[in-house]
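Just so you know, UniProt numbering puts 547 at position 547 of the sequence shown, and the rest follows in order with no gaps. C-beta: ideal position from N, C-alpha, C; glycine also. Each remark here refers to the structure printed beneath this line.
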Amino acid sequence: MKKENFQLFARILNEQIVPTLSKEESMFSSCTSIVRPGRAVAASVSALSVCVLTLTACSNPDDNSASGASGTNASAEQTLVLLDNNETGGYNPVAGYSRAGDSPIYEGLFRLKAPASGGKDASKILVEFEPLLAAGPAVSSDGNKTWTVEVKENIAFSDGSSFGPEDVVATYKAILDERSASGEALDWEMVKDVRSEGNKVIFELKIPYAEFDHKLLNGIAPSEAFDGDPKLAEESELNSKPVGTGPYKLEQLRADEAIFTAREDYHGGAPELKKIVYRVNQDENSRAQQLRGGEGDGTIIDPALAQEFKGKDGFKVVSAHSADWRGITLPAGNPVTGDQAVRTAVNLAVDRQALANDVLKGHAKPNSTFLADFYGDAYDPAADINYDVTKAEKILDEAGWKKGSDGIRVKDGQRAAFDVIYYPNLDRARADLTLAVASDLKKIGIEVTPLARDSKSVNEEDYAKIPVMLGGGATPYSVDGQIYTVLHSKFAKPGAGAWWDNCSDYVNPEIDKLLDEARVEQDQAKRDALYREIQKLYAEKPAMLQLVYVDHVYVERDLGYTHPAEILEPHAHGLNFGPWFNLAAWHK
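The structure is reproduced here in structure tokens:
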């Protein structure tokens, strides 16, 4: 990329950097973002003006325009205060932030978009993909082993430097580089090489991959952030000082609050919303109280708590459909759940429709095989596992699991009893679902003991032996992305993938073969047929107790803006999703 001399303002900023303190002790400011050498500074005059404005804003971190949800001046009206259940920071795309393009800071080559329903149930439609940093669609060649993406020109990062194809290459290479220790690397295992030619990015794959273009959503950072020598993703400066091409930039960061301001030089046009404030509160009841009291404009919330906002003047309850599943792992290393008869029986004994209707207040869809109607012809509704207590009991009886005097089954001295770990720190629904499943399974003679654990305290050994109420669907915009790591036996091996990949240690050679065939099959109809066969085989020999696809429930204050329809969301969710997925498109 052509080199230009630094502008005076860039040098001044770099020479006056505020020393970086810990997140708990300090408030970071985008005024300290380093303008890196060796990059063209886009629109220098405009950038200088923006920098002066930013310095002014930074000089008054307690500006009252961010203090509440409903101010009276123009500045307050253009501020959005969101009550977040997630910690601030961790803004490095190489570490997984903005995996689905869900960020006000970063942008990917493509962006998810809710398709026009055409009169169909929106929950039965996947998503559309529209170019964002890409100039057009990804073009495949060499039998889907090579994918080429031309990128747009005249786009600037938030530090004023110019975006180009080398930034895309550097970001993806950093994900793949072992030195980054990125949890994202597994999702890109099919990539052999990524390089740039002119204004194009070329991905060379190890295998044909028909739906590779559905993956190109990750946020892109400047190549200088990696300098050809990426550090551990979790230790990167991008976590606290992000630099992206998105419509907002980080202005202030502390442990309990992050403030983002609109970029007047954003390539898509300056956003109408000028400031976004994320305030951390991990207690759902408290967030609901704050919302009622006017201390915020929106939050993610448990379906039961959302009920009180339905029909309430000035509020909207948004239920975003998702490919985010909830299910209980059935580890092979557990003496009860490792028995295939038990695995099959518990799948028959749980009333999934009741879970969706009663426990989740209608904000969910029953699901038993991971395949669902939003995958079109890859899904066969006839292959679903239906609720049948009588059949479940017969299977257990025939397998030698006999009821004892206390109603709990026993086989060879082993009681049909096990713990199920759930994570109260993630959401209340996991506890409610675990209790409901325990009630259903007790009816067929299986004793389940719910066990509350913080998600950070559960290790690989726990996953190998103790069932867990798990959530998944991190990359669900192809069937392969949704089920490959859940079902393929290569992830049952110690050290293969993440701890939660195939954490039932499921081994089914027939399904392995079909999964491998499906991901390289170029013909859509043939690929769909392979997935229907996988679904059928899975239903005959299930690996987990898959339960539902949950809706993500949000409450927003009506501020008079219109915004795009919600997308079908992945497992990741929160205040970068729902009504707030594309804040630059909010208009009055």
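Asked: Beta-bridge pairing of Gln78 - partner residues as DSSP gives them; Found: For Gln78, which the question treats as bridged, DSSP gives no partner whatsoever.
Asked: Burial state of Glu461 (16 or more Cβ within 10 Å); Found: exposed
Asked: DSSP state of Lys403 mapped onto helix, strand, coil; Found: strand
Asked: Cβ pair Arg263, Pro247 closer than 8 Å; Found: yes
Asked: 8 Å contact criterion, which Gly362 and Ala356 should meet: CB distance rounded; Found: 7 Å
Asked: Pairwise C-alpha distance: Lys192 and Thr32; Found: Residue placement at Thr32 is flagged as unreliable, the pLDDT there being 37, under the threshold of 50; the coordinate-derived value follows with that caveat. Near 37 Å, if we compare the C-alpha coordinates of Lys192 and Thr32.
Asked: Secondary structure of Ile17, DSSP reduced to three states; Found: With a pLDDT of 35 at Ile17, under the threshold of 50, the modelled position of this residue cannot be trusted, and the question is left open.
Asked: Whole-angstrom distance between Asp187 and Val149, CA atom to CA atom; Found: 19 Å
Asked: Among Ala529, Val389, Asp227 and Ala185, nearest to Ala496 - alpha-carbon criterion; Found: Ala185
Asked: Whole-angstrom distance between Leu80 and Leu273, CA atom to CA atom; Found: 7 Å
Asked: Runs of alpha helix (DSSP H) wholly within the region 299-376 (minimum 4 residues, chain order); Found: 303-306 and 340-349
Asked: For Leu487, three-class secondary structure by DSSP; Found: helix
Asked: Secondary structure of Arg179, DSSP reduced to three states; Found: helix
Asked: Nearest to Thr88 (by Cα), restricted to the options Arg254, Thr390 and Pro222; Found: Arg254
Asked: Simplified DSSP assignment, three categories, for Ile466; Found: coil
Asked: Neighbour-count burial assignment, His571, 16 or more Cβ in a 10 Å radius; Found: buried
Asked: Coil, strand or helix - Ala383 by DSSP; Found: helix
Asked: Simplified DSSP state of Asp167, which is helix, strand or coil; Found: helix
Asked: Whole-number beta carbon distance between Leu133 and Asp151, since they are thought to touch under 8 Å; Found: The identity of residue 151 in the sequence shown is Val, whereas the question assumes Asp. Between Leu133 and Val151 the Cβ distance is about 6 Å, and since that is below 8 Å, they are a contact.
Asked: Meets three-Cβ-pair contact criterion under 8 Å: the region 320-328 and the region 538-547; Found: yes
Asked: Local Cβ density within 10 Å of Thr261, reported as buried at 16 or more and exposed below that; Found: buried
Asked: Distance between Cys503 and Val486 (C-alpha atoms, nearest Å); Found: 8 Å
Asked: Helix, strand or coil at Trp586 [DSSP, three-state]; Found: coil
Asked: Straight-line Cα distance separating Gln414 from Ala584; Found: 58 Å
Asked: Closest residue to Pro115 among Gly294, Lys124 and Leu109 (Cα-Cα distance); Found: Lys124
Asked: Residues near Ile175 in its chain [Cβ-Cβ closer than 7 Å; skip 5 each side]; Found: Val94, Ser182, Glu184, Ala185 and Trp188
Asked: Gln546, enclosing beta strand (DSSP E) - first and last residue; Found: Met544 to Val550
Asked: Reference Arg430; option with closest CA among Ser455, Ala225 and Asp373; Found: Ser455
Asked: Terminal residues of the alpha helix (DSSP H) in which Tyr531 lies; Found: Gln524 to Glu540
Asked: Burial state of Pro494, where buried means 16 or more other Cβ atoms lie within 10 Å; Found: exposed
Asked: 7 Å Cβ shell around Lys588 - same chain, five flanking residues per side excluded; Found: Glu272, Gly560 and Tyr561
Asked: Option nearest Tyr97 by Cα separation, candidates Ala438, Leu217, Ile385 and Arg292; Found: Leu217
Asked: Between the CA atoms of Lys391 and Leu348 - distance to the nearest angstrom; Found: 7 Å
Asked: Boundaries of the beta strand (DSSP E) in which Ser439 is found, first to last residue; Found: Looking at the DSSP string, Ser439 is not in any beta strand (DSSP E); the run it does join, the alpha helix (DSSP H), is Arg428 to Lys442.
Asked: Nearest neighbour of Ile220, chosen from Gly269, Asp397 and Gly164 [CA to CA]; Found: Gly164
Asked: Buried/exposed call for Gly198, threshold 16 Cβ in 10 Å; Found: exposed
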